[in-house]
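Protein chains in written order, with this note's numbering: chain B, 1 to 331; chain A, 1001 to 1277.
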């Protein structure tokens, strides 16, 4: 483990108002299985529910949770690799407090149901990386991370049809997830001047419609439609030329959004022998993921074209339309 | 670690290509443009074997992301002063934003201070001239090189100084790309060794002239340039963190918040040319 002056692995350069990697002042060696540091946190939970009558109920809850590894997510990346960093003397465990208030109601003796919940959560010690940090394949991740906070609040509404040939649900969540990394003292600006800004995973609108239809005993159909506000992204607010190359000049972190993310998936399930008494029960599933082939943007990259030298934006999408056939069995 | 990285990258690339799901398309994005800001490209290059007397500094401003030209900045007074208080003046070729000097005196290890006076504001920066080893004469060519083993790849060597931490900037220009390729490297894993560096491009053809330039740079410039490469998109692999706005070492002494982009660096440069066989 590296050690640093004042125990600060990230140095602040006051002349330039930027954060830089601190130069380690030494290295502390630990034996295998030797304890480096230990943390202990209570995790109280409280939940109350009250049935107003047979059709309606309300619920309230409070949770405190601690997480000892940190997910350092990274907006520009399209890879499924996330960086997880364990807590140590530089990164303290994340502590989350959450309160939620819910209202539930059944209609027509349970044929339909409505679930609503409002939540607010607050996280302490959320790790945030400094501008221009390189996160992968580095030995000392603490050199590019600052401790910050996160908060999220929102309202979830879910309407369900529970019985009949056609079942399914419609769910909608309106929410806001933000993070803030203030300076460690009055002279530092922190990330984005220490102001709250959209977290990478913030999705203002998240709508999902799921339906299942049982046509016959052998055939059933399903469909899922998902619509989400695009992920937060950081876009250039200009560019300049330096030493023969064009440099995109980025604005405030996560101030923009990728285009909206939506797709429709359909499936048909065929059960050849629904009445079979055998142990072996099989079914065929024919599916199409992303029926209308929307190229949802996983990320936007801003770069200079190698042939023309012009600045351009490239959209990277992972899945187009994906048809599939599968055979499932139970025994 | 480097091998492991390469393996991960290969696996990822292969799975995306085989799966056929990966899709990249150039799209128009609505972008905002911030108010223009001064950019000072004060790169003093002392090419080995020359006196280094002729130098230039370029002033421009930021512009819209899709803009096709870069505004130049005229009318600045630019000087560089060494530790003996000798002043080197840079004069503009009128209207071009290019300021030249004909009597600069580069000395490795010497400290220099840049001063740019423009519209009543004074920008300053201080940097040390950093030396560089020569690029060895033997340049190797491998016609089955590059990431996928199907590109022309050239390799060149230089001797690292084992008595100090060194930082290098590589600049390679060839007809394969419209703009030069840069790499910023340290000697952490090759302290005191003969270092081998590669260059390959799928567009590289026999007969192409490749210009190789190796600059000695400071630790701070190394950090700066890596961030710059990320922001240029050139360093952007699938693992890139969000680039920010990249500040150099130039400080506005008159109005702190009205800072300039760019950097003042003083480097010795080793050069080599190679014709692809």
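Cβ coordinates follow ideal geometry from the N, Cα and C atoms, glycine included.
{"Asked": "Short check: CB of residue 152 (chain B) to CB of residue 126 (chain B), under 8 Å?", "Found": "no"}
{"Asked": "Round the Cβ separation of residue 1070 (chain A) and residue 179 (chain B) to the nearest angstrom and send it over; I've been treating them as touching at under 8 Å.", "Found": "Their Cβ separation, rounded to whole angstroms, is 35 Å, which puts residue 1070 (chain A) and residue 179 (chain B) out of contact at 8 Å."}
{"Asked": "Against chain B, does residue 1031 (chain A) count as a neighbour if the rule is that its beta carbon must be under 8 Å from one of theirs?", "Found": "yes"}
{"Asked": "Just to confirm my understanding: we take residue 8 (chain B), look at its own chain, exclude 5 residues before and 5 after, and list those with CB closer than 7 Å. What are they?", "Found": "22"}
{"Asked": "Which residue from B:177, B:219, B:196 and B:224 puts its Cα closest to that of residue 204 (chain B)?", "Found": "B:177"}
{"Asked": "Could you check whether the stretch 270–284 of chain B touches the stretch 223–234 of chain B, counting it as contact only if at least three pairs of C-beta atoms, one from each stretch, sit closer than 8 Å?", "Found": "no"}
{"Asked": "I want to see whether chain B comes within less than 8 Å of residue 1021 (chain A), judged by CB atoms only; does it?", "Found": "With a pLDDT of 49 at residue 1021 (chain A), under the threshold of 50, the modelled position of this residue cannot be trusted, and the question is left open."}
{"Asked": "Hey, residue 1042 (chain A) and residue 1264 (chain A): beta-carbon distance below 8 Å or not?", "Found": "yes"}
{"Asked": "So what does residue 323 (chain B) bridge to, in DSSP terms?", "Found": "B:288"}
{"Asked": "Might you give, ordered along the chain, the residues of its own chain that have their beta carbon closer than 6 Å to the beta carbon of residue 1033 (chain A), omitting 5 neighbours on each side?", "Found": "1064"}
{"Asked": "Should residue 1066 (chain A) be flagged as near chain B, meaning a C-beta pair shorter than 8 Å?", "Found": "yes"}
{"Asked": "Does any CB atom of chain B fall closer than 8 Å to the CB of residue 1215 (chain A)?", "Found": "no"}
{"Asked": "Which of the three DSSP states is assigned to residue 141 (chain B) in this structure?", "Found": "helix"}
{"Asked": "Take residue 1021 (chain A) and list the residues in its own chain whose beta-carbon comes closer than 8 Å to its own, dropping the five residues that flank it on each side.", "Found": "Because residue 1021 (chain A) sits at a pLDDT of 49, beneath the cut-off of 50, its placement in the model cannot be relied upon, and the point is left open."}
{"Asked": "Verify whether the separation of the beta carbon atoms of residue 1221 (chain A) and residue 1168 (chain A) is less than 8 Å.", "Found": "no"}
{"Asked": "Taking Cβ-Cβ distances below 9 Å as the criterion, which residues of the stretch 153–184 of chain B are in contact with chain A?", "Found": "none"}
{"Asked": "Assuming residue 1131 (chain A) contacts residue 1108 (chain A) (C-beta within less than 8 Å), just tell me the rounded distance between them.", "Found": "4 Å"}
{"Asked": "Answer with buried or exposed for residue 1119 (chain A), where buried requires no fewer than 16 other C-beta atoms within 10 angstroms of its C-beta.", "Found": "exposed"}
{"Asked": "Could you tell me whether the Cβ of residue 321 (chain B) comes closer than 8 Å to any Cβ of chain A?", "Found": "no"}
{"Asked": "Against chain B, with Cβ distances strictly below 8 Å, would residue 1076 (chain A) count as a contact?", "Found": "no"}
{"Asked": "Does chain B have any CB closer than 8 Å to the CB of residue 1187 (chain A)?", "Found": "no"}
{"Asked": "Tell me, please, whether the CB atom of residue 265 (chain B) is closer than 8 Å to any CB atom in chain A?", "Found": "no"}
{"Asked": "Indicate the three-state DSSP secondary structure (helix, strand or coil) for residue 109 (chain B) in the structure shown.", "Found": "helix"}
{"Asked": "Inspect the CB distances between the stretch 1095–1112 of chain A and the stretch 1040–1058 of chain A and report whether three or more fall short of 8 Å.", "Found": "yes"}
{"Asked": "Assuming the contact rule is C-beta atoms closer than 8 Å, residue 1156 (chain A) and residue 1139 (chain A) should be a hit. Round their C-beta distance to whole Å, please.", "Found": "5 Å"}
{"Asked": "Specify the secondary structure class of residue 1010 (chain A) as computed by DSSP and reduced to three states.", "Found": "The predicted position of residue 1010 (chain A) is uncertain, since its pLDDT is 43 and thus under 50; a value taken from the coordinates is nonetheless stated next. Helix at residue 1010 (chain A)."}
{"Asked": "Do residue 1026 (chain A) and residue 313 (chain B) come within 8 Å of each other at the CB atom, strictly closer than that value?", "Found": "yes"}
{"Asked": "Residue 1272 (chain A) lies in the beta strand (DSSP E); which residues open and close that run?", "Found": "1261–1275"}
{"Asked": "Thinking residue 156 (chain B) and residue 123 (chain B) are a contact (beta carbons under 8 Å), I'd like their distance in whole angstroms, please.", "Found": "Actually they do not touch by this definition, with Cβ atoms about 19 Å apart."}
{"Asked": "According to DSSP, residue 150 (chain B) sits in a beta bridge with which residue or residues?", "Found": "B:123 and B:179"}
{"Asked": "So the candidates are B:330, B:289, B:84 and B:269; which of them puts its Cα closest to the Cα of residue 280 (chain B)?", "Found": "B:330"}
{"Asked": "Three or more beta-carbon pairs under 8 Å between the stretch 252–269 of chain B and the stretch 212–232 of chain B, yes or no?", "Found": "yes"}
{"Asked": "Whole angstroms is fine: what's the gap from residue 1095 (chain A)'s alpha carbon to residue 19 (chain B)'s?", "Found": "37 Å"}
{"Asked": "Look at residue 120 (chain B) and residue 99 (chain B) and say whether their C-beta atoms are less than 8 Å apart.", "Found": "yes"}
{"Asked": "Looking at the C-beta of residue 1072 (chain A), does it have a partner C-beta in chain B at a distance below 8 Å?", "Found": "no"}
{"Asked": "Over what stretch of residues does the beta strand (DSSP E) that includes residue 1160 (chain A) continue unbroken?", "Found": "From DSSP, residue 1160 (chain A) is part of no beta strand (DSSP E); its letter is neither H nor E."}
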